[in-house]
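Numbering (the working numbering), first residue to last: 6 to 1127. Positions of the beta carbon are idealized from the N, C-alpha and C atoms, including for glycine.
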């Protein structure tokens, strides 16, 4: 921005440097205006200040001067502007620009311009800008002293500065309690030497008009006198205790008290410090610290002594306690003992008071003592210390008992007086006073043991433990002479064995002779005073019985076979040892051997089952024997041959053995080998497995039922699971052939074509196991009664997809089940079931088999559904594909379209790789069945199975035509057979026709093993006129054993003979066999066999055998409609 003024007008030109076009226009206009007015050549203005300092402070006055170089001083007028803005429309002849009371609003760049001549004026250019920055606060003076204390007649140097630092200042010094009086009426340049004590301040001054800084903070200068202050204590103890009173005094050496005032300083927290010559404190923990003082002269202001040397006051937080000691605590009658009393912690200034009696408080003899005193009386003594005024007392000392020792003697005795004591035994300790009357004494015991049962009485009883070990001693106290006692007894040492002693049992022999005995010896070798008891039992599993008499000698004669042990006893109450070792004594036995057998022979039985154990003597007559049993449990079987258990529980588990004893001479057999019987607490849980899981046409389903803890005797029952929607469970219906159970743990179901569920259970005797968990076989074919459809109709889905499974069929109630691994679940619990539709929309991975179950008890087809987190899936049919139909498989990506080639694999073999994005099969065959997957863009889908359903031949017209022709032929053959039968019956030489019909009920083996079904034909007998055959028909597998119906299979053997004239050879036989099977439900194929003999004549060949008759057999197969 530029400011111009002419004679006629003034104007401002603003240059916009951002726009070139505008700049050129303005410059042109500027030059045009300069032409008539003129520009002063060589004259250049410059802005200066009248002051010599660069800083300008708040409210300071500043004068700017415009100086024109080479222009002289005449005829110039001057213009000013700030920040390129004119400050006035007028020019002045004064070249000064004054800023009074400057503030931050005056900040900016200041320029000046000169003008000369009229009417045609000549202008100088604008000067270079002068930048003015105002410090936004008034500066403050700062006064410092090189020392604040000076000796009398000395001096100290004071220094005054301005903060923030700046130039051009002179300083004024002030002395007094308040600023305002100039010292000596003189200014100084910043440093000044003073010799008077007092309170000093300064401030700075500069400029015209004068500008002042703020006053500095005060500095006090003290005159240090030659007198010396000293702190004293009264009393002068170095150790002070809480509660004591003490006086602190400030003494001025060489000074009159009337001339002084006093000042104290302390590091303590005590509030009782007074600014006086002396003061008293009652010592507490707050009084601890250093104390110092100084004196101030009353007439000479700020003249004082130096600070005294500090004295440190230490206060013990607790009251001290006196401590009383005796050089001995027992003295003979007429003797003396020295007592010493001290204070703890140690400190000085104490005197002591001695007390005698059961409680402190009564001063002995009314005397104090200095810490040591001799006494000759027995008694209980205390002491305490005192000092100070008022008197300060310590705590009482602990008591010291001084005993008078009598000439009587104490002795410790034990009852019983065994030298060895065992843990748990009771023993009595007694203190006996030799030469003393019991009525005159009290007793005191001391022990090094940890036993708490020690009593201060003549005697006491303890139950020995490891804590009882140690020394025991006692003394007697005379009842009438206080603190007169016997000396301590000689200590007796008690040693306690931690373990109970164990006796040793010995026998002179271990075989008991018939009619003889064996001597047993029981002994505790480590200690004495024992009596011995003997115990016996027939064996380790039987209850023990005692041999009534005890023996102090430790010997006993016995004649019974069995297990023997002993133990010792002593004391009152009786203390028993551990049981001894055992010794097995055996009687001489007979050669017969006992054997335990189980009936039924199950070593494992279950809760509430029954079983019988029998003791059998090999090569022995039952009537001659008595029996004995032993067990490892708490039961004691009767002395009989058989022991029946039932109903059993787990307490019957254990080992059982027996032996026999002849009635005649009581000679026994040896014990039988034990047999182990285990009673299990609950019935076993059967586990069912099925194979295969997915059905194909013609498959049989194999069921296997396994029982935990397998053992003999099980029969297995097989059931079909029927859906029961009311309580989300199943009803179980016995399969045909399973009513009486099967011995085998496997069962084959033939002809299963649709999804089904099965369970099993096992039983024996009166016990049945629970049902197994249901297991399922699945079919992908859609039955008409119940079906499951999927939307979207594919196997694989992304986790973000919502999949709907809809149940259809002859029911209004449905549930959708699925199986993941071995886990069976319901859609309504895991997903969302609405009516007959299950919606799977949870974003989690799935790989499950799903199927529908109806309220009428039917199963739908099953489908595999997978939900995957991968970015690629295979789109393949979820239901089986019918043979001959077309199918299309494709790949799908989660978030993008497929742009590259797609690879299709069948059973991991590449079958298509090109730009086609689908795998199209126009006519599916069984060979197309298998696992499929796809790849694209470096990603590979999971595999999915595509199933192909083969078309039934019954739907083929050519196959139906063949069946019709075969049926026609069979009909003709049947008519011929009937005519031949009629002819045979009319013949004179009638043929006997025998028919054998046999029908058997179904069993497990024939139902599951087709090879087990067979016909047995008896060959025809040579030379007979009529042939007979015995035929066994197949067994019916379609009905339960209780409802099976007979199947009549009739085989007819028809022999036709040519009845001609006599003398003629008969014509060759023509025999026809017919097999007719009558079925009710079986859909198996019927076969009819017709054997036709050639009716031609035989040639005469002399000497040659007759050639065999040629037979032709015709078989026809008839399969009835389903």
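Fewer than three beta-carbon pairs drawn from the segment 521 to 528 and the segment 472 to 481 are found closer than 8 Å, and the two stretches are therefore not classed as touching.
With respect to residue 300, residue 251 sits apart: the two C-beta atoms are not nearer than 8 Å.
DSSP places residue 796 in the uninterrupted beta strand (DSSP E) bounded by 791 to 796. Taking C-beta atoms as the reference points, residue 891 and residue 927 count as a pair closer than 8 Å.
Annotation: residue 66 to residue 225 spans about 34 Å, alpha carbon to alpha carbon. If you compare the alpha carbons of 730, 662, 296 and 125 with that of residue 677, the shortest gap goes to 662.
Going by DSSP, residue 693 is part of the beta strand (DSSP E) stretching over 692 to 696. Exclusion of the five residues before and after residue 168 leaves 145 and 147 as the residues of its chain whose Cβ lies within less than 6 Å of its Cβ.
Closest option to residue 194, judged by alpha-carbon separation, among 182, 211 and 175: 175.
Apart from sequence neighbours up to five positions away, the residues of its chain that approach residue 288 with a beta-carbon distance below 8 Å are 245, 246, 247, 248, 249, 250, 251, 318 and 320, ordered along the chain.
The beta carbons of residue 719 and residue 708 sit about 15 Å from each other, so the pair does not count as a contact at 8 Å. Here the alpha carbon of residue 489 sits roughly 31 Å from the alpha carbon of residue 356. Beta-bridge pairing by DSSP links residue 252 to 239 and 285. Listed in chain order, the non-local C-beta contacts of residue 736 below 7 Å within the same chain comprise 727 and 729, local neighbours out to five positions each way being set aside.
Given a length threshold of 3 residues, each whole run of the beta strand (DSSP E) inside the segment 79 to 147 is given here in chain order: 81 to 87, 101 to 104, 113 to 121 and 135 to 137. A Cβ-Cβ distance of about 6 Å is found for the pair residue 865 and residue 812, placing them in contact under the 8 Å criterion.
Within the segment 839 to 901, the complete beta strand (DSSP E) runs of at least 3 residues fall at 842 to 845, 851 to 859, 864 to 873, 877 to 880 and 892 to 898. Assignment of residue 950 by DSSP, reduced to helix, strand and coil, places it in the strand class.
Counting only residues of its own chain and dropping the five nearest sequence neighbours on each side, residue 306 has a CB closer than 8 Å to the CB of 202 and 203. DSSP, read as helix, strand or coil, puts residue 968 in helix. Bounds of the beta strand (DSSP E) holding residue 154 are 154 to 156. Residue pairing by DSSP places residue 203 opposite 226 in a beta bridge.
Contact between residue 163 and residue 217 fails: their C-beta atoms lie close to 18 Å from each other, not under 8 Å. In the three-state scheme derived from DSSP, where H, G and I count as helix and E and B as strand, residue 629 is classed as helix. Taking the Cβ atoms as the reference, residue 503 lies roughly 5 Å from residue 428, within the contact range of under 8 Å. Per DSSP, residue 834 is not a residue of any beta strand (DSSP E); the alpha helix (DSSP H) it occupies stretches across 832 to 835.
Three or more beta-carbon pairs drawn from the segment 804 to 824 and the segment 833 to 843 are found closer than 8 Å, and the two stretches are therefore classed as touching. Leaving aside the five residues that flank residue 885 on each side, the residues in its chain whose CB is nearer than 7 Å to its CB run, in chain order, 785, 786, 952, 953 and 954.
For residue 211, the closest alpha carbon among the candidates 55, 475 and 972 is that of 55.
For residue 754, the beta-bridge partners assigned by DSSP are 706. A direct Cα-to-Cα measurement between residue 152 and residue 105 gives close to 41 Å. In this model, residue 389 and residue 276 are separated by some 32 Å (Cα to Cα). Residue environment: residue 940 is assigned as buried (16 or more neighbouring CB atoms within 10 Å of its CB, all protein chains considered). Closest in C-alpha terms to residue 766, from the list 83, 779 and 760, comes 779.
The residue among 639, 667 and 669 with its C-alpha nearest the C-alpha of residue 656 is 639. At the C-beta level, residue 867 and residue 880 stay beyond 8 Å of one another.
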